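Residue numbers (our numbering), protein chains in the order written: chain A, 74 to 432; chain B, 74 to 432; chain C, 74 to 432. Glycine is no exception: its CB is placed at the ideal position from the N, C-alpha and C atoms. Everything numeric in this text was worked out from a predicted model, so none of it was measured. What follows is a single structure, written as structure tokens, with notes after it.
Next up, the structure:
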């Protein structure tokens, strides 16, 4: 088994060993970002973006060009045939003829899995609604490992909207394979749902950032969204207590890494940008070597033979009922066939959007 | 005479011999899609798209990249200077300085001819309103020839909206040079207008698909548009009788080719996708080698010397009156000079939109 | 000092000697537009366009491809993270990781300077609101020099909206380093503001084009915008007297150059396009070699060592107050630090938008 031709929809599609291999190749890419220009010469990447993006799309396109490949695509679903009512499955089967690999961003949860199911080319998920964003997670892991040498032994604080933030959920799934301590810093309304806790590794929870900060090695900040709060006053109060500024940082370790998937609004003060603990712009930059590694590995230009693949622990599968999540691709695209992991007699998990439900 | 530097606005701009040469070069391109990467190195294609497109734009861009060339352009007229009121003629004269060849899609009939008239670079029409879409026709011909060996002797059924569909009209003009039998399957309201019948080769007409299907070698399906019907009930009845599904296909030949220019809505059931007679995704894929051939021939990277060009049967031309078609570029762009074939003392045909009218 | 890695925000960022060097390199680029394809191989240009553009964006992209480089970017701020509220500073710091050089068009005056201040890669201003458009000016200078051999001794007429037109203002700043005579042809409402007069070189002013035309070597036309006039009748009267048509041109020199930054609406009649004095399409075309020169010089692929840089005549700088121009980036982006040239005890000039004001 190798990474060649494999889709990456959720971070668990790669085994821990495969994740480590991607990060190792990314380090190599970072070294030779200038002289590796022919590795993907003649290959074409399609970026199919149905939602706005700067970072993700441009870093994929930059990575492809740095490797000598070409890029086609669209930046906005309204300029594609989706505006004429084309289904996602048809779109995927068309684009597979034009490109060697497809990077998809789409507002519907599970849409990336659906596209991959209908497409003979590998699909990389660049964000499917509130579901996953696995290449952000690989970039996050790379940033920590690159800066601190290793993840093992670190104390990582996740701060902000831990309930809805897809980057945090993906990161937690990946962190369960490392020896880290995790503290979740969020108001009760936005605390981490239990189902996202790493298996066998309970996280700590707190609503206050100040006492938690002193012991952290990594502070991973996400944006708190106003629309999550019924009461505007409550939002203002909560938001104010999570603004990272130089005063707050006086209590932190000198080698703390402050991370953020960006874009930020005002949850990190501009004055922090000058602080050497600010890692978020470097984090965005590391997206290029990580995505170079992904592209080169998936297209077979760099070796990945002999790695242990992800565990397939003998799941039983069901093809009914349709997923109850109204935002799931399995409901939005009527022709799609339900695909459910049978967890036990009554529990199912949708293979598109990962929702667990009772039949 | 050769194809170098020539515009392709309507399918008749190429002689039958030239069409056959494009198809032969496309077959060659299909073989060496991976190793021909330098044929157009250093050349630039501009894709000027004023309407949504996935298939056409991305297949042109893919074709250009597969040949080692570069692409510039826009996907949406709103991001170009047309938003500031620039005329099509000025736009064409600007882009000719930036690119070696222009592929244009525009909502106005005859706009591609107008652009070509003002531009020293070749213009390829990627769809000008309801007028023509000649590269789709070349792709259609290639699909049939590639799959069946030859078009000669085949019985081709055209089904759906034969009145307004530009892909059907272009295809019929090309088919008059082949020894084929054509059956037009459509409700009376959407039957083929007489003026699109191939010269000297009357088509057969029927409203019922089921009896016609058994003898067909090719079934070319197009979408029936709801907005053509005054009565919604009539639309539903008509539409229902042309949905291609596995039950209907039981009566067809086993080697039938089911084609569709796509995007489809629901005129072909998803269950048909698994049927080996379904040719529409392959048809979309063949757009790449066909467009590679067109680009390489038009830019002179592949030889096309010595072919018989299109017939110029001594037309007389007039430069008045202005075309009466309100959707024609000759009316929409005021500065444009009328250009009319003099058919007889009172009949004229507009060179932009092909409308025939009586003065 | 060299041009390597330097931003170009306003035309004065280059010394007269540096401008001459860019023009000389452009002439060289024009010669070898076909065989210089590897000069920027492996380098990436980002085009960040927050406003519609055909000419500027496509000519930059064409220039980059002609030199063998790659392009990433967006054509419309709505498809970028700006739609999520990202600041311009954050956007600039992200894109610097993905590209070697950034070309920015943005509706806010001074936005290009702001982006350059936050970004380790060079930024080239492709138009920042009503402020400047320096690469248009370089193209204008190149067009005159290329066609007439030299600018010295020429009589240049500027016609149209001289009050608000940024291309005219930039051009005048550049012309002060040449031995030219300038006549400003405009209705009083749209005459050139005194602050844009070249230092030490008073311009002549007139409202009538006909008497002025006979002596001109260059007629530089810009569009008169209806929305500048409170009275529609006044607009119609004024506009009509500045329409360049064959009748008017009978009084001009046979070697007159008629220029226009385009797009035009109707200020130059289409009949003039056939006149050999019409230089505006050639002017648009010269944008490619000029921008090739700029890209190659800024990225260090062509030598620019040893030129005299722009004068730094010992300005004192202040960092308060905030610029009073409501359309200035320094006001629109709250985190930005005011930066003001101290002209005298009470006069300041904003380094973002160039507004002079009294404190």
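From residue i to residue j, what distance separates their C-alpha atoms?
i, j, result
"residue 376/A", "residue 370/A", "7 Å"
"residue 345/B", "residue 244/B", "24 Å"
"residue 278/A", "residue 311/A", "16 Å"
"residue 261/A", "residue 314/A", "13 Å"
"residue 283/B", "residue 399/A", "39 Å"
"residue 329/C", "residue 342/C", "16 Å"
"residue 325/B", "residue 359/B", "24 Å"
"residue 355/B", "residue 216/B", "8 Å"
"residue 272/B", "residue 251/B", "12 Å"
"residue 421/A", "residue 431/A", "6 Å"
"residue 306/C", "residue 298/C", "13 Å"
"residue 233/A", "residue 334/A", "12 Å"
"residue 419/A", "residue 407/A", "24 Å"
"residue 381/B", "residue 322/B", "41 Å"
"residue 428/C", "residue 403/C", "11 Å"
"residue 180/C", "residue 166/C", "19 Å"
"residue 192/B", "residue 193/C", "41 Å"
"residue 221/C", "residue 91/C", "20 Å"
"residue 131/A", "residue 145/A", "12 Å"
"residue 54/B", "residue 349/A", "No information on residue 54/B is available, as it lies outside the stretch 74 to 432 that chain B covers here."
"residue 197/C", "residue 177/C", "6 Å"
Please classify residue i as buried or exposed, where buried requires at least 16 neighbouring CB atoms within 10 angstroms.
i, result
"residue 41/C", "Given a span of 74 to 432 for chain C in the structure shown, any question on residue 41/C remains unanswerable."
"residue 74/A", "exposed"
"residue 424/A", "buried"
"residue 223/A", "exposed"
"residue 410/C", "exposed"
"residue 142/C", "buried"
"residue 391/B", "exposed"
"residue 218/A", "buried"
"residue 209/B", "buried"
"residue 405/B", "buried"
"residue 267/C", "exposed"
"residue 195/A", "buried"
"residue 188/A", "buried"
"residue 281/B", "exposed"
Per DSSP, residue i is paired with what?
i, result
"residue 256/B", "230/B and 277/B"
"residue 198/C", "177/C"
"residue 292/A", "230/A and 331/A"
"residue 122/B", "178/B"
"residue 429/B", "422/B"
Closest to residue i by C-alpha separation, out of the options, would be which residue?
i, options, result
"residue 336/A", "301/C, 160/C, 140/C and 139/C", "160/C"
"residue 190/B", "210/B, 173/B, 162/B and 209/B", "162/B"
"residue 366/B", "122/B, 137/B and 90/B", "137/B"
"residue 368/B", "308/B, 175/B and 393/B", "175/B"
"residue 293/B", "348/B, 276/B and 231/B", "231/B"
"residue 124/A", "274/C, 266/C and 149/C", "149/C"
"residue 95/C", "362/C, 270/C, 394/C and 387/C", "362/C"
"residue 214/B", "234/B, 185/B, 192/B and 248/B", "248/B"
"residue 351/C", "380/C, 317/C and 338/C", "317/C"
"residue 127/C", "133/B, 119/B and 130/B", "119/B"
"residue 186/C", "331/C, 429/C, 79/C and 327/C", "79/C"
"residue 308/B", "263/B, 331/B, 101/B and 349/B", "263/B"
"residue 173/C", "106/A, 168/A and 117/A", "106/A"
"residue 121/B", "304/B, 147/B, 384/B and 104/B", "147/B"
"residue 158/A", "140/B, 339/B and 91/B", "339/B"
"residue 387/B", "416/B, 301/B and 139/B", "416/B"
*Per the contact definition of three or more C-beta pairs closer than 8 Å, is the stretch 112-126 of chain A in contact with the stretch 218-229 of chain A?*
no
_So, does the stretch 232-242 of chain A touch the stretch 186-204 of chain A, judging by three or more C-beta pairs under 8 Å?_
yes
*With contact counted as at least three CB pairs below 8 Å, one residue from each stretch, are the stretch 251-266 of chain C and the stretch 278-294 of chain C in contact?*
yes
_Inter-stretch contact (C-beta, 8 Å, three-pair minimum) for the stretch 78-89 of chain A and the stretch 203-215 of chain A_ = Yes, since at least three Cβ pairs between the stretch 78-89 of chain A and the stretch 203-215 of chain A fall closer than 8 Å, the two stretches touch.
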